[in-house]
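**Q**
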Amino acid sequence: MNCKKAQESILTDYIDARIEDKQKNLIDQHLIYCRTCKNFLISIKKEVINPFISVPRVVPDESLWTRIKQTIEVEELQQVKLALVPGFWERWKSAVHIPRPAFALATIVTMVFMISSTGQLFFSGPVVKINGQDQVEYLSSLIDESVVMNISNDSRTPIEKYFL
Ligand SMILES: [Zn+2]
Numbered sequence: 006m007n008c009k010k011a012q013e014s015i016l017t018d019y020i021d022a023r024i025e026d027k028q029k030n031l032i033d034q035h036l037i038y039c040r041t042c043k044n045f046l047i048s049i050k051k052e053v054i055n056p057f058i059s060v061p062r063v064v065p066d067e068s069l070w071t072r073i074k075q076t077i078e079v080e081e082l083q084q085v086k087l088a089l090v091p092g093f094w095e096r097w098k099s100a101v102h103i104p105r106p107a108f109a110l111a112t113i114v115t116m117v118f119m120i121s122s123t124g125q126l127f128f129s130g131p132v133v134k135i136n137g138q139d140q141v142e143y144l145s146s147l148i149d150e151s152v153v154m155n156i157s158n159d160s161r162t163p164i165e166k167y168f169l
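Here our numbering is used: the first residue of the sequence shown is 6, the next is one more, and so on.
(1) On the premise that I15 lies in contact with C42, defined as a C-beta separation below 8 Å, what is that separation, rounded to the nearest angstrom?
(2) Near I54, what residues of its chain come up, given a Cβ to Cβ distance below 7 Å and the 5 sequence neighbours on each side ignored?
(3) Assign N7 to one of three DSSP states: helix, strand, or coil.
(4) Given a cut-off of 7 Å on the beta-carbon distance, is the pair F45 and Q12 in contact?
(5) According to the neighbour-count rule (16 or more other Cβ atoms, all chains shown, within 10 Å of its Cβ), is I32 buried or exposed?
(6) In angstroms, rounded to a whole number, what distance separates the CA positions of Q34 and D26?
(7) Rounded to the nearest angstrom, what separates T71 and S59 at their Cα positions?
Put into C-alpha cells, the structure is as follows:
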C-alpha cells in the first residue's frame, strides 16, 4: 500500500472504524514502517476526532418535540377550519371580485360571438361556395388564354419555325 492510498483510507473509513479487516491490516502494516502516515494519523486524530470527543453530547429537552408536534397540529387544524368556514364562498367571490357584472357579461358574450363566427370562417369550409362546373370553366378559360398567348408570342425556335 502506498502513502496516498493509506492516507485516503485513514481520512475516511479507517477513522470511522468502518473499514474491512483486510484493508485495516494493510494500513496497520503500512503504519508500522511509514512514519509519515503514522504522523498523519496522529494529527488527524488530534485535529478532527479529539475535539468532538471532548464536546458534551447535547440532548434536546424532552418537551421540545412535544411543543413542535403541538405547533404542527394547531397549524393543520387552522388550515382545515379556514377551508370549512361558512363564509368560504363569500371570500372566494371577493377574491375574484367583478366590479361591473353587466360589462363583464357583455365582454364574455362578445368574445363568444367572435370566437364562434371566426371559427365558422376558418373551420366550416369556405364562406363563398363556388360551383364545381364554374371552377372548371374558369380554369379552362385560363388555360385557353395562356395557350393563345403562347401562340401569339411565337416562342418557337428558328429551327422549329423552319421544320414546322
Ligand atoms: Zn505512508
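Each residue gets a CB set at the ideal place from its N, CA and C atoms; glycine is no exception. Computed from a predicted model, the values in this text were never measured in an experiment.
**A** On the basis of the data shown:
(1) Position 37 of the sequence shown holds residue 42. Position 10 of the sequence shown holds residue 15. Yes, C42 and I15 are in contact; Cβ-Cβ is about 7 Å, under 8 Å.
(2) The sequence position of residue 54 within the sequence shown is 49, counting from 1. A distance below 7 Å between beta-carbons, with the five flanking residues on each side excluded, links I54 to the following residues of its chain, in chain order: I20.
(3) Along the sequence shown, read from residue 1 onward, the residue named residue 7 stands at position 2. Shown here, N7 sits in coil according to DSSP, grouped into three states, outside any helix or strand.
(4) Taking the sequence shown and counting its residues from 1, one reaches residue 45 at position 40. Taking the sequence shown and counting its residues from 1, one reaches residue 12 at position 7. One thing to note: F45 has its Cβ within 7 Å of the Cβ of Q12.
(5) The residue labelled residue 32 in the question sits at position 27 within the sequence shown. Classification of I32: buried, given that the 10 Å Cβ count is 16 or more.
(6) For this step, residue 34 is matched to residue 29 along the sequence shown. For this step, residue 26 is matched to residue 21 along the sequence shown. The C-alpha of Q34 lies about 12 Å from the C-alpha of D26.
(7) Stepping through the sequence shown from its first residue, residue 71 is reached at position 66. Stepping through the sequence shown from its first residue, residue 59 is reached at position 54. CA-CA distance, T71 to S59, rounds to 30 Å.
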